[in-house]
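J.: Residue numbering for the sequence shown follows UniProt numbering, starting at 1 and increasing by one per position. Glycine included, each C-beta is placed from N, C-alpha and C at the ideal position. Have a look at this one.
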Amino acid sequence: MPGFVALAAIWGSSFLFIKVGVEELHPLHLTLYRVATGAVTLLVVLAVLRDRLPREPRVWAHLTVVAAFGVAIPFTLFGYGEQRVESMLAGIWNATTPLIVLPLAVLVFRTERLTVRRAVGLALGFFGVLVVLGVWQGVGGAHFVGQLMCFGAAACYGVAIPYQKKFVAGSSHSGVSLSAAQLLLAVAQLAVVAPLAAGAPPVPTDLSVEVVASVLALGALGTGIAFVINMRNIRVIGASTASTVTYLIPVFAVLIGALVLGERLTWHQPVGALVVLLGVAVSQGLVGRRRPAVPVGVGAPAAPVAEAAAPR
Numbered sequence: 001m002p003g004f005v006a007l008a009a010i011w012g013s014s015f016l017f018i019k020v021g022v023e024e025l026h027p028l029h030l031t032l033y034r035v036a037t038g039a040v041t042l043l044v045v046l047a048v049l050r051d052r053l054p055r056e057p058r059v060w061a062h063l064t065v066v067a068a069f070g071v072a073i074p075f076t077l078f079g080y081g082e083q084r085v086e087s088m089l090a091g092i093w094n095a096t097t098p099l100i101v102l103p104l105a106v107l108v109f110r111t112e113r114l115t116v117r118r119a120v121g122l123a124l125g126f127f128g129v130l131v132v133l134g135v136w137q138g139v140g141g142a143h144f145v146g147q148l149m150c151f152g153a154a155a156c157y158g159v160a161i162p163y164q165k166k167f168v169a170g171s172s173h174s175g176v177s178l179s180a181a182q183l184l185l186a187v188a189q190l191a192v193v194a195p196l197a198a199g200a201p202p203v204p205t206d207l208s209v210e211v212v213a214s215v216l217a218l219g220a221l222g223t224g225i226a227f228v229i230n231m232r233n234i235r236v237i238g239a240s241t242a243s244t245v246t247y248l249i250p251v252f253a254v255l256i257g258a259l260v261l262g263e264r265l266t267w268h269q270p271v272g273a274l275v276v277l278l279g280v281a282v283s284q285g286l287v288g289r290r291r292p293a294v295p296v297g298v299g300a301p302a303a304p305v306a307e308a309a310a311p312r
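Pasting the structure below:
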C-alpha cells in the first residue's frame, strides 16, 4: 500500500538528513531542532483532530522516561554515530532494535514470553550483528565507535518500547497525543542538556539551506507526519503487518545513501544486515511456523516510540 512504502521511504531517508545535518550542527543541537519541529507538527495535528495532551501526572512521569530513551538519547546517538559512519550503515543498525526489545521485554518488563523460535531468531540476529561489525578484522577506531553509537541508539529504542507497552500503552489517550507529549518532554530535556554540553545552538539563519531543509524534513516529516501515517497503517492493515516496515527501512537507507551521497558498503555489512533481518523475521514468527502474536516492536529513529508499531 502507498502509506506503507511512503513510511519506509521517510524513515529510511532520515539517516541521509542526519548525515547532512551533523555537517554543520552538533548532534545535540540537531536533535533539539528536529524534536522541536516534530513537536510543533504534532501539536498542529492535535489541534486539527481536536485532541488534547494527557493530563494525568502519572502518564507524564512515564512519558518522561520514554522521551529520554525513545527520542532524546537515540536521536542524539545516531547523530554522533553518523559523524563517523555512513548513513546507510546507520540505517542497518536501526534494524537491530527488535533484537534488543525481545530480551528486555522477556527478562526486565515481562511483557513477552521467550519461546524456542524467538531464541533462535535472537541467536541469528546477534550473529548478524557480529558480521556487520566485521569482528574478525579486529575492533577499534572511529568507524567502530560510530557503529557502537548507532547500536546504542537501537538499544535505547529497545528500552523505550517495552517500557511504554508496560506503563503507558493501557492509557485512554490517542497515539498522537502520547507522541506529542513525548516530543514536548524531549524538547525540555534537550533544552537543558544541549547548552551545557554543546553551547548555545546556532541561529537557523546562520545555517545552509541544505541543513535547514534537513532539519525540517527530520522534524516535520520523519518525527511528525510519519507518525500519523504509521498510525493510519496500523488501522488499515493491522499492527503486525504495519510493523514489517522495519524490513524496508534499511533498504531505503542504503539506496538513498548510495544514490545521493555516493556511499559504499563492504561486503560483510549488507550480508550481516540480511542475517539480522532473518533473525528478526524468525523471532517475530514471519519465517518457519507462524503463530498469531503481537510484535515486540521495531526501531526507527524517525519517530517517537509508539505502541504496537515498530519504529517505535
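Within this structure, are the beta carbons of W129 and V276 separated by less than 8 Å?
T.: Just to set this straight, residue 129 is Val in the shown sequence, not Trp. Closer than 8 Å, so yes.
J.: What does the alpha-carbon distance come out to for the pair P2 and S14?
T.: Each residue's alpha carbon lies about 18 Å from the other.
J.: Counting along the chain, where does the alpha helix (DSSP H) carrying P201 start and finish?
T.: Per DSSP, P201 belongs to no alpha helix (DSSP H) and is neither H nor E.
J.: Give the straight-line distance between the Cα atoms of A8 and Q269, rounded to the nearest whole angstrom.
T.: 20 Å
J.: Would you call the CB atoms of A198 and H26 closer than 8 Å?
T.: yes
J.: Terminal residues of the continuous alpha helix (DSSP H) containing Y157?
T.: Start and end: G141 to F167.
J.: Beta carbon of V212: closer than 7 Å to some heavy atom of the ligand NAP?
T.: Looking at this structure, you won't find the ligand NAP or any other ligand, since it has none at all.
J.: Report buried or exposed for A61, applying the criterion of at least 16 other Cβ atoms within 10 angstroms of its Cβ.
T.: exposed
J.: Identify which residue in S87, R232 and F75 has its Cα closest to the Cα of residue 365.
T.: No statement about residue 365 is possible, as the shown extent of the chain runs from 1 to 312 and does not include it.
J.: Roughly how many angstroms lie between the CA atoms of V159 and T111, to the nearest whole one?
T.: 12 Å
J.: Which of helix, strand or coil does DSSP assign to S208?
T.: coil
J.: Which same chain residues, not among the five before or five after V193, have their C-beta less than 7 Å away from its C-beta?
T.: The answer, listed in chain order, is L28.
J.: Return the residue from the list L286, L218 and V211 that minimises the CA-CA distance to T244.
T.: L286
J.: Cβ atoms of G219 and A36: under 8 Å apart, would you say?
T.: yes
J.: Could you tell me how far apart the beta carbons of Q189 and A39 are, in whole angstroms, since I believe they sit closer than 8 Å?
T.: With 8 Å as the limit, Q189 and A39 do not qualify as a contact, their Cβ atoms being about 12 Å apart.
J.: With C-beta atoms as the reference, is L185 less than 8 Å away from T64?
T.: yes
J.: For the alpha helix (DSSP H) that F227 lies in, which residues bound it at each end?
T.: A226 to I237
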